[in-house]
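Undergrad:
Numbering (UniProt numbering), first residue to last: 1 to 210.
(1) Tell me the residue span of the alpha helix (DSSP H) that contains residue 142.
(2) Less than 8 Å between C-beta atoms, sequence neighbours within five positions excluded: which residues of the same chain meet that for residue 166?
(3) Tell me, please, whether the region 186-200 touches the region 147-162 by the rule of three or more beta-carbon pairs shorter than 8 Å.
(4) Can you tell me whether residue 152 is buried or exposed? The criterion is at least 16 other CB atoms within 10 Å of its CB, across all chains shown.
(5) Kindly list the residues whose CB is nearer than 7 Å to the CB of residue 97, restricted to its own chain and excluding five residues on each side of it in sequence; keep chain order.
(6) Give, in chain order, every unbroken run of the beta strand (DSSP E) that is at least 3 residues long and sits entirely within the region 1-71.
(7) In the DSSP assignment, find the unbroken alpha helix (DSSP H) run with residue 179 in it and report its ends.
(8) Using the beta-carbon count (16 or more within 10 Å), is residue 59 buried or exposed?
(9) Would you call the region 8-24 in contact with the region 119-137, where contact means no fewer than 3 C-beta pairs closer than 8 Å?
(10) If you draw a straight line from the alpha carbon of residue 114 to that of residue 124, how long is it in whole angstroms?
(11) Could you tell me which of 43, 16, 49 sits nearest to residue 28, measuring between CA atoms?
(12) Rounded to the nearest angstrom, how far is the Cβ of residue 212 from that of residue 164, given a contact under 8 Å?
(13) Can you say whether residue 147 is buried or exposed, counting buried as having 16 or more other CB atoms within 10 angstroms of its CB?
(14) Going straight from the alpha carbon of residue 107 to that of residue 37, what length do you get?
(15) Beta carbon of residue 144, beta carbon of residue 48: below 8 Å?
(16) List, from N- to C-terminal side, the alpha helix (DSSP H) runs of 4 residues or more that fit wholly inside the region 85-152.
(17) Assuming residue 7 contacts residue 188 (C-beta within less than 8 Å), just tell me the rounded distance between them.
Spelled out as structure tokens, the structure:
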């Protein structure tokens with residue numbers, strides 16, 4: 001169901017724009033003819049969810065560009081390790097990937113996230129995960145593209161995870177992000193998300209519902 005509409009393997013994101021990989025454009029038109037109305041050549045003319053979030057909650061940069069870049073790179077690497085772990089999951093438990101990570105701090109962060117995910121799996125009997133999900137909300141008034149890092153289910157209930165790395169509380173911002181994702185899931189699949197889980201290992205409370 002989710003897999004059939006997931007555009008992650010087709011799209012690239014550059015400068016807050018969503019684009020179809022030029023090498024896959026012809027095939028994209030064949031597989032998703034109902035989305036071609038949103039395309040100008042290979043560029044989508046609808047917003048991505050991050051555009052709405054930034055517009056409503058502007059980012060105030062108090063760090064120099066190099067530090068900000070380094071933090072962003074670190075966070076993305078942690079996320080990639082976690083997502084690889086999920087994709088390689090072959091049992092009820094998520095395991096740290098076999099690929100080595102030279103940076104011990106990054107490895108520790110990733111292992112902490114994985115530990116929290118495993119606790120959630122055990123408590124909620126999760127049996128299915130999706131990562132790197134890209135969906136188009138077909139809302140007639142304001143269609144947009146949703147990026148979803150982690151969705152999981154126990155077969156009856158669905159949950160979303162937001163992975164964050166901030167010591168500052170941006171709960172309203174995260175709730176808005178959750179709302180955009182929930183609206184997309186509801187629009188496409190008529191699924192009601194039971195809970196959105198904020199997993200922020202930099203916060204005093206690493207995991208909480210929002």
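Idealized CB from N, CA, C, for every residue including glycine. Nothing here was measured: the structure is a model prediction, and the numbers come from that model.
TA: Concretely, from the data shown:
(1) As a position in the chain shown, residue 142 is number 142, starting the count at 1. Segment: none, residue 142 is in no alpha helix (DSSP H) and carries neither H nor E.
(2) Taking the first residue of the chain shown as position 1, residue 166 is located at position 166. So the qualifying residues of the chain are 200, 202, 203.
(3) yes
(4) One-based indexing of the chain shown puts residue 152 at position 152. By the 10 Å Cβ count, residue 152 comes out buried.
(5) As a position in the chain shown, residue 97 is number 97, starting the count at 1. Counting only Cβ-Cβ distances below 7 Å, and skipping sequence neighbours, we find 81, 84, 85, 88.
(6) 11-14, 17-20
(7) The sequence position of residue 179 within the chain shown is 179, counting from 1. Start and end: 171-189.
(8) Within the chain shown, the letter at position 59 stands for residue 59. With fewer than 16 other Cβ atoms within 10 Å, it is exposed.
(9) yes
(10) Looking up residue 114 in the chain shown gives position 114. Looking up residue 124 in the chain shown gives position 124. Spanning the two alpha carbons is a distance of roughly 15 Å.
(11) The residue given as residue 28 occupies position 28 in the chain shown. Minimum Cα distance to residue 28 is reached at 43.
(12) The structure shown does not extend to residue 212, since the chain spans only 1 to 210, so no value can be given for it.
(13) By one-based count along the chain shown, residue 147 stands at place 147. So residue 147 ends up on the buried side.
(14) Position 107 of the chain shown, counting from 1, holds the residue named residue 107. Position 37 of the chain shown, counting from 1, holds the residue named residue 37. So the two alpha carbons sit approximately 43 Å from each other.
(15) As a first step, residue 144 must be located in the chain shown, where it is residue number 144. As a first step, residue 48 must be located in the chain shown, where it is residue number 48. Result yes, Cβ atoms of residue 144 and residue 48 sit closer than 8 Å.
(16) 104-124
(17) For the purposes of this step, residue 7 is identified with residue 7 of the chain shown, where counting begins at 1. For the purposes of this step, residue 188 is identified with residue 188 of the chain shown, where counting begins at 1. Rounded, the Cβ-Cβ distance is 12 Å, inconsistent with contact.
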